[in-house]
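As structure tokens, the structure follows; a few thoughts come after it.
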Amino acid sequence: MGMELKELAAKLKQEVEGQRSRGTRWRFDEDFRARAVAYLRARQAEGGTQEEAAREMGLSSWTLSRWGRQGGPVRRGRPARVSPETSTAAFHAVAVKREEEAEGVLVVHGPGGVRVEGLSVAQVVEVLKGLGG
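My numbering runs 2 ahead of the 1-based position in the sequence shown.
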């Protein structure tokens, strides 16, 4: 969570605490509600949940959901997965081709997705000796 969002959450929580000190029935004006919903949407854009945003502001998730519906839909839980067709992010098509079986040539897959191709058995042995395996 960015520094600006942390500061906004702290400020909103401080306002909620101020309302709590006034009694059992809290009333928030439209400006506060709009800022709380804007914070919620910013947190969701970062991958946060409605419940996390509500907790950070000291509000109930239900209240935040109700306020959000008044100004448009508010998603509960984690953000939905985005398909390549609807996303604005840059996606690159990847073609998967079947490898031809080569006699005496090995492909070594290491941790973290490291892939070494075209090694002979003797070369694999040397690599493993060099790695201490």
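Even for Gly, the Cβ is constructed at its ideal location relative to N, Cα and C.
Remember, predicted model here, so these are calculated numbers, not experimental data.
Comparing alpha-carbon positions, the option among Ser23, Gly132, Ala55, Arg24 lying closest to Arg37 turns out to be Ala55.
Gly20 carries a helical assignment under DSSP once its states are collapsed to helix, strand and coil. The segment 62–70 and the segment 12–24 do not touch, with fewer than 3 CB-CB distances between them shorter than 8 Å.
When the five nearest sequence neighbours on each side are left out, the beta carbons in the same chain lying within less than 6 Å of the beta carbon of Arg45 are those of Ala55, in order along the chain.
Linking Arg24 to Gln52 through their CA atoms gives a straight-line distance of about 26 Å. Shown here for Val126: same chain residues with a beta carbon closer than 7 Å to its own, the five before and five after excluded, namely Leu108, Val110 in chain order.
In the three-state reduction of the DSSP assignment, Arg117 falls in the strand class.
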